[in-house]
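Peer 1:
Residue numbers (our numbering): -3 to 289.
Right, dumping it as structure tokens:
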């Protein structure tokens, strides 16, 4: 027990070591060391959240803007970002495990048992449920979702699936969110559950077809974070440091600017605030010139 206590003290001292700098963490990070380009995992089918225009190839959305701003603070201009397209929950973590990406900004909930590390959160969001406006079955409550003839679609391994299963709701689990959307359009599914910003993205471009219900699906909001390779505490700390600077620095921050010009107008005003960051380190020599001009 004494050994463990001493280990904890050592970790605390390192976390607040006044000699630690942005540059020393960059050198310590096995992911960033000697890198001239940064590989960032993002999705590409969610307008206003994380989208790639199929005609121009231009990427846009809240998570794209967050990724660009973090990359800039890490010393990588937009021209030195290699975008890595990710899809389902498993794929978002696999690209880090397989060394195909250096960080992932793609609505991953910060869970301790996942095989990646997290910095953040950069967003707190509830689980929500979307239905078809023209659906003949009336769905207003969690009890309605439990009806034996109601089928709710959600992703395999998602936090939505865990929350809904805990409430005794019948689910059909799929590998890709697009299957849920197509199933909603065809009438195969009665509802689709996911993080609120994901559903807001879908409704923003399908307002005449879909709507989001006012239901409390999970007992707590999801803590969405930036995923990095397991064990790279230096990179985790760097991202946490920059997210914390945004929160406490001059306003409007990169977070608020990104939110207001992307997904913000499609969400309730109560989500217009950057959450507190877990364990941000204190570093001594950050210079704004680190951000590429």
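Glycine residues also receive a C-beta, built at the ideal position from the N, C-alpha and C atoms.
For residue 60 and residue 73, which I take to be in contact (beta-carbon distance under 8 Å), what is that distance rounded to the nearest angstrom?
Peer 2: About 15 Å separates the two Cβ atoms, so there is no contact after all.
Peer 1: Determine whether the beta carbon atoms of residue 234 and residue 16 lie at a separation below 8 Å.
Peer 2: Not in contact: residue 234 and residue 16 (Cβ atoms no closer than 8 Å).
Peer 1: How long is the line joining the alpha carbons of residue 7 and residue 148, rounded to whole angstroms?
Peer 2: Bear in mind that the predicted position of residue 7 carries a pLDDT of just 46, short of 50, making it too unreliable to give a figure here.
Peer 1: Exposed or buried, which one is residue 113 when buried takes at least 16 other CB atoms within 10 Å?
Peer 2: Classification of residue 113: buried, given that the 10 Å Cβ count is 16 or more.
Peer 1: Taking only the alpha-carbon atoms, compute the straight-line gap between residue 4 and residue 277 and give it to the nearest angstrom.
Peer 2: Annotation note: pLDDT 45 at residue 4 (below 50); position unreliable, coordinate value reported separately. Between residue 4 and residue 277, the C-alpha separation is close to 16 Å.
Peer 1: Just list the alpha helix (DSSP H) runs in the stretch 141 to 223, keeping only unbroken ones of 4 residues or longer that don't cross its boundaries, in chain order.
Peer 2: Taking only runs of at least 4 residues, the alpha helix (DSSP H) segments lying wholly in the stretch 141 to 223 are 155 to 162, 173 to 182 and 192 to 200.
Peer 1: For residue 233, report the span of its alpha helix (DSSP H) as first-last.
Peer 2: Element bounds for residue 233: 229 to 244.
Peer 1: Would you check if the distance between the CB atom of residue 34 and the CB atom of residue 92 is smaller than 8 Å?
Peer 2: No, these two residues do not count as a Cβ contact at 8 Å.
Peer 1: One question on the structure: do residue 270 and residue 253 come within less than 8 Å of each other, judged by their Cβ atoms?
Peer 2: Contact: no.
Peer 1: Alpha carbons only, please: which of 49, 220, 268 and 143 is nearest the one belonging to residue 119?
Peer 2: Taking only the C-alpha atoms, the option nearest residue 119 is 220.
Peer 1: Tell me the rounded alpha-carbon separation between residue 136 and residue 142.
Peer 2: Their Cα atoms are separated by approximately 11 Å.
Peer 1: Do you know whose CA, among 255, 232, 20 and 177, lies nearest residue 273's CA?
Peer 2: That would be 232, whose Cα lies nearest to the Cα of residue 273.
Peer 1: Which residues in the same chain as residue 229 place their Cβ atom closer than 6 Å to its Cβ, once the five residues preceding and following it in sequence are excluded?
Peer 2: None.
Peer 1: Going by the CB atoms, is the gap between residue 49 and residue 123 shorter than 8 Å?
Peer 2: Not a contact, by the Cβ cut-off of 8 Å.
Peer 1: Ignore the nearest five residues each way along the sequence and tell me which others in residue 94's own chain have a CB closer than 8 Å to its CB.
Peer 2: Counting only Cβ-Cβ distances below 8 Å, and skipping sequence neighbours, we find nothing.
Peer 1: From residue 196 to residue 107, what distance separates their C-alpha atoms?
Peer 2: Whole-angstrom Cα-Cα distance: 23 Å.
Peer 1: Mapping the DSSP letters down to three states, classify residue 290 as helix, strand or coil.
Peer 2: Summary: the structure shown does not reach residue 290, with the chain confined to residues -3 through 289, and so no result is reported for it.
Peer 1: Quick one: what's residue 252 bridged to in DSSP?
Peer 2: The partner list for residue 252 (beta bridge, DSSP) is empty, contrary to what the question assumes.
Peer 1: Starting from residue 35 and walking both ways along the beta strand (DSSP E), at which residues does that stretch end?
Peer 2: First-last of the beta strand (DSSP E) with residue 35: 34 to 38.
Peer 1: How big is the Cα-Cα spacing for residue 169 and residue 90?
Peer 2: Using only the alpha carbons, I get a separation of about 19 Å.
Peer 1: Between which two residues does the alpha helix (DSSP H) carrying residue 70 extend?
Peer 2: Per DSSP, residue 70 belongs to the alpha helix (DSSP H) from 58 to 70.
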